[in-house]
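The structure appears right after this line, and notes come after that.
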Amino acid sequence: MALLDLGDALGLALREEMRRDPRVYCIGEDIVLGLPFGVTKGLVDEFGAERVLNAPISEAAIVGSAMGAALTGLVPVVDMHFADFVTCAMDEVVNQIAKSRYMFGGQLDCPLTLRMPYGIGRSGGGHHSNSVEAWFVNTPGLKVCIPSTPADARGLLKTAIRDPDPVLVFEHRGLYRVTGEVPEAETLVPLGVADVKRPGRDATVIATARMVHASLEAARRLAEEGIEVEVVDPRSLVPLDRETLAASVRRTSRVVIAEEGPRRASVGAWLAWVIMEDCFDDLDAPIARVAAPDVPIPFSPPLEAFVTPGADDVVAALRQALK
Amino acid sequence: MAPAPDLLLGMYAGMLRVRLVEERVRELFATGRLPGFLHTSIGQEACAVGACAALRADDYVLSTHRGHGHLIAKGGSLRGLMAELYGKANGVCHGKGGSMHLADASVNYLGANGVLAAGCVLAPGVGLSIRRRGSTQVVVTFFGDGAANRGPFHEGVNLAAIWTLPVVFFCENNRWASSTASSLSAAGGSIAARAAGYGIPGETVDGNDVLAVWEATARAVLRARRGEGPSLIEARTIRWVGHFEGDPQAYRTKAEVEEGRRTDPIARLRRLLEARGLLDAAHAERVGAGIVAELEDAVAHAEASPLPAPRDALTDLFAYYPWSG
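Dropping the structure here:
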């Protein structure tokens with residue numbers, strides 16, 4: 001085991017996959033220097049400028065060209081810089097990439113990975129903070145994963161790169177410098193396999209990315225009161241490991257769903273329906289949710305702090321679910 | 001570059017093939033045999049056929065919503081196309097694409113497209129792939145005058161130019177973006193002139209002259225194969241029919257369609273072939289009859305083919321489904 005931060009774990013995954021498969025290349029804005037989060041820093045030294053492509057600020061062309069390359073034999077890994085900027089390439093992601101296999105009757109593989117740095121923090125403001133994963137969960141034809149630990153980040157990104165279909169990897173930018181144990185051996189994390197981050201018998205929190213850490217903190221606090229909270233991280237949203245989620249809920253009968261994105265029509269709203277469908281008879285209380293209010297992410301620190309869900313919110317939701 | 005007789009005859013047959021297929025498709029659509037929307041390229045055949053005549057079989061084509069001609073000119077099977085237009089299970093995309101969203105990977109036809117200029121950003125990636133593989137293939141992306149006003153056109157041309165990629169941007173300027181005149185929507189009066197802003201060759205050709213189209217494309221393809229980068233071709237043409245089948249075309253005059261018919265690219269090439277003694281009435285009759293036979297075989301095949309099983313709507317989303325739900 002090596003202690004790595006999440007950003008370095010992602011960089012390790014990129015290096016491993018680029019060494020393994022010469023078809024893999026990275027493309028994005030400022031990626032030669034590794035801006036803005038350091039993940040791709042130094043890749044150019046090992047793999048050269050033909051495989052670490054600093055693109056013009058042309059999101060449609062970056063993402064669209066990745067699809068053209070993927071359809072014809074390469075394996076692109078796109079760095080979206082900030083997930084917010086995917087709006088400038090929505091046609092390419094939603095109409096082209098997501099639909100190519102289906103519309104063409106399965107004739108062509110589209111093995112591309114979109115790395116989506118996202119999330120609230122450090123007064124990023126309205127164009128650099130958003131949780132946009134729900135848009136893509138709602139787009140058939142895309143796989144979506146969202147790691148919370150360095151080991152998961154490395155393993156999921158490697159799996160995403162090897163997948164013959166498009167995969168979006170949501171990387172919370174508040175987690176890049178969070179450290180964790182990463183196996184020395186090459187380890188893949190499959191899509192569609194949830195992970196129980198902390199076992200417990202009294203309530204289940206289903207959380208993604210930064211909210212996994214907030215939920216673990218909430219679980220530690222409630223443990224002091226003798227309440228044992230289970231924290232389950234789906235790790236991938238499409239495909240979703242419904243069995244692991246349902247198994248946890250059947251043990252605990254009480255559920256909190258915690259996410260950082262806005263509350264309305266969100267991933268959490270969908271997961272609440274999944275739990276309702278799979279476990280309605282097992283529930284002893286209504287499902288409680290933690291999410292951001294339905295406003296854009298504001299700039300000023302007190303405003304930003306107000307809309308950012310955290311451990312306090314998870315504790316409050318757990319108390320509600322435990323009533 | 002003087003075209004060989006075989007090439008001239010091939011382009012004649014190619015244009016006639018596109019024309020006869022699309023006229024037949026219009027009839028089938030009018031009688032309710034085909035679902036969906038239909039956009040035909042009748043009158044514009046010289047663009048698809050002239051451009052594709054300059055390509056190798058392993059070159060790539062990206063197409064548009066008006067893409068039957070591109071597919072046929074690239075060598076796609078009429079059976080696969082026709083069954084797809086009927087929405088049949090053995091269509092080239094198993095009935096999931098239809099007229100506007102079909103690809104035929106067997107001839108490197110990477111897709112018609114329901115979104116204008118979408119191919120302009122896919123093309124540089126195809127070019128990157130060609131270069132990484134050390135191949136001398138090229139990619140041609142077709143688009144219309146309307147698409148040249150969308151951002152992806154500019155982003156795609158810029159990227160292909162800055163990275164010297166083997167791409168031919170082929171604009172079929174038929175004067176109308178749906179019902180909006182190009183003169184009222186495209187600034188500067190010339191799409192080809194936009195190439196100058198990106199430092200690449202831009203050329204305007206008579207899009208109803210298949211030889212001019214072939215020559216311009218052959219130049220651009222040669223440049224791309226030599227690793228000298230992309231080119232932009234603007235072929236000025238006239239669509240004889242509406243934007244879609246059923247379009248009342250209140251936005252334009254009958255005189256424009258008459259102008260199109262006067263400059264019919266097929267009649268034009270036929271006159272040239274006859275003048276050179278390469279084609280006579282009997283030969284032309286045989287060419288037409290051969291196409292009709294192939295076309296009617298494709299129609300009969302499509303008519304006789306099964307519709308997809310409804311639950312097949314749930315297949316082809318991913319290469320494999322490693323999960324249950």
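If you read the sequences in order, they're chains A and B.
The first sequence finishes on residue 323 if you use this note's numbering, and the numbering steps up by one all the way, no holes.
The second sequence finishes on residue 325 if you use this note's numbering, and the numbering steps up by one all the way, no holes.
Glycine is no exception: its CB is placed at the ideal position from the N, C-alpha and C atoms.
Reduced DSSP secondary structure (H/G/I, E/B, other) of residue 240 (chain B):
Annotated three-state conformation of residue 240 (chain B) is coil, per DSSP.
Grab the span of the beta strand (DSSP E) containing residue 321 (chain B) for me, first residue to last.
First-last for residue 321 (chain B): undefined, no H or E at that position.
What separation, rounded to the nearest whole angstrom, lies between the Cα atoms of residue 81 (chain B) and residue 92 (chain B)?
Going by the C-alpha atoms only, they are around 6 Å apart.
For a cutoff of 9 Å on Cβ pairs, would you count residue 257 (chain B) as touching chain A?
no
Whole-angstrom C-beta distance between residue 236 (chain B) and residue 199 (chain B), which should lie under 8 Å:
In fact, because the Cβ distance is near 23 Å, the residues do not count as touching under 8 Å.
For a contact meaning CB atoms closer than 8 Å, what does residue 140 (chain A) contact in chain B?
317
Just to confirm my understanding: we take residue 237 (chain A), look at its own chain, exclude 5 residues before and 5 after, and list those with CB closer than 8 Å. What are they?
133, 137, 144, 145, 146, 208, 267
Please report how far the alpha carbon of residue 298 (chain B) lies from the alpha carbon of residue 31 (chain B), in whole angstroms.
In this model, residue 298 (chain B) and residue 31 (chain B) are separated by some 17 Å (Cα to Cα).
Can you tell me the Cα-Cα spacing of residue 200 (chain A) and residue 317 (chain A), whole angstroms?
16 Å
Contact criterion: CB-CB distance below 9 Å. Does residue 136 (chain A) meet it with respect to chain B?
no
From the DSSP output, read off the bridge partner residues of residue 172 (chain A).
For residue 172 (chain A), which the question treats as bridged, DSSP gives the partners A:118.
What in chain B is Cβ-close to residue 74 (chain A), meaning under 9 Å?
Simply 125, 128, 129, 132, 133.
Looking at chain A, is there any beta carbon in it that lies within less than 9 Å of the beta carbon of residue 65 (chain B)?
By the rule that beta-carbons nearer than 9 Å mark a contact, residue 65 (chain B) does not touch chain A.
Taking residue 214 (chain A) and residue 262 (chain A) to be in contact with their CB atoms under 8 Å, please state how far apart those CB atoms are, rounded to whole angstroms.
With 8 Å as the limit, residue 214 (chain A) and residue 262 (chain A) do not qualify as a contact, their Cβ atoms being about 17 Å apart.
Is there contact between the segment 28-48 of chain B and the segment 176-193 of chain B, where contact requires at least three CB pairs shorter than 8 Å?
no
Look at the Cβ atom of residue 34 (chain A), then the Cβ atom of residue 41 (chain A), and state whether they are nearer than 9 Å.
yes
Hey, how far is the Cα of residue 53 (chain B) from the Cα of residue 161 (chain A)?
37 Å
Which residues of the segment 150-172 of chain B have a Cβ closer than 7 Å to any Cβ of chain A? Give them in chain order.
151, 152, 155, 156, 158, 159, 162
Considering only residues of the same chain and omitting the five flanking positions on each side of residue 289 (chain A), which have a CB-CB separation below 6 Å?
So the qualifying residues of the chain are 257, 268.
Which residues of the segment 45-61 of chain A have a Cβ closer than 9 Å to any Cβ of chain B? Give them in chain order.
50, 51, 53, 55, 56, 58, 59, 60, 61
Identify the residues that DSSP records as bridge partners of residue 113 (chain B): which are they?
Bridge partners of residue 113 (chain B): none, in fact.
C-alpha distance - residue 12 (chain A) paired with residue 116 (chain A), whole-angstrom precision
When rounded, the separation of the alpha-carbon atoms in residue 12 (chain A) and residue 116 (chain A) is 17 Å.
Please confirm whether residue 208 (chain B) has its beta-carbon closer than 9 Å to some beta-carbon of chain A.
no
Report the three-state DSSP secondary structure of residue 78 (chain A) (helix, strand or coil).
strand
Determine the chain B residues that contact residue 18 (chain A) at a beta-carbon separation under 9 Å, and present them in chain order.
Under the 9 Å cutoff, chain B gives no residues; its nearest Cβ is about 13 Å from residue 18 (chain A).
Cβ contact check for the segment 164-181 of chain B and the segment 125-135 of chain B: 3 or more pairs under 8 Å:
Verdict: yes, contact present.
Return the Cβ separation of residue 53 (chain A) and residue 114 (chain A) in integer angstroms, given the expectation that the two are a contact with Cβ distance under 8 Å.
So it is not a contact: roughly 15 Å between Cβ atoms.
Give the secondary structure of residue 244 (chain A) by DSSP, where H, G and I count as helix, E and B as strand, and everything else as coil.
helix
Run down chain A in chain order and give the residues with a C-beta less than 9 Å from the C-beta of residue 101 (chain B).
99, 103, 104
Opening and closing residue of the alpha helix (DSSP H) in which residue 5 (chain B) lies:
Counting along the chain, residue 5 (chain B) sits inside the alpha helix (DSSP H) bounded by residues 5-30.
Are the segment 3-10 of chain A and the segment 149-156 of chain A in contact at 8 Å, needing three or more beta carbon pairs?
yes
Work out the CA separation of residue 68 (chain A) and residue 109 (chain A) for me, nearest whole Å.
Each residue's Cα considered, the two are about 11 Å apart.
Look at residue 100 (chain A) and residue 121 (chain B) and say whether their C-beta atoms are less than 9 Å apart.
no
Three-state secondary structure assigned by DSSP to residue 170 (chain B):
strand
Can you tell me the Cβ-Cβ gap for residue 89 (chain B) and residue 308 (chain B), rounded? I've got them flagged as a contact below 8 Å.
Confirmed, Cβ separation roughly 4 Å.
Our contact map puts residue 76 (chain A) next to residue 159 (chain B) with C-beta atoms below 8 Å; I'd like the distance itself, whole angstroms only.
Incorrect: roughly 13 Å between the Cβ atoms, too far for contact.
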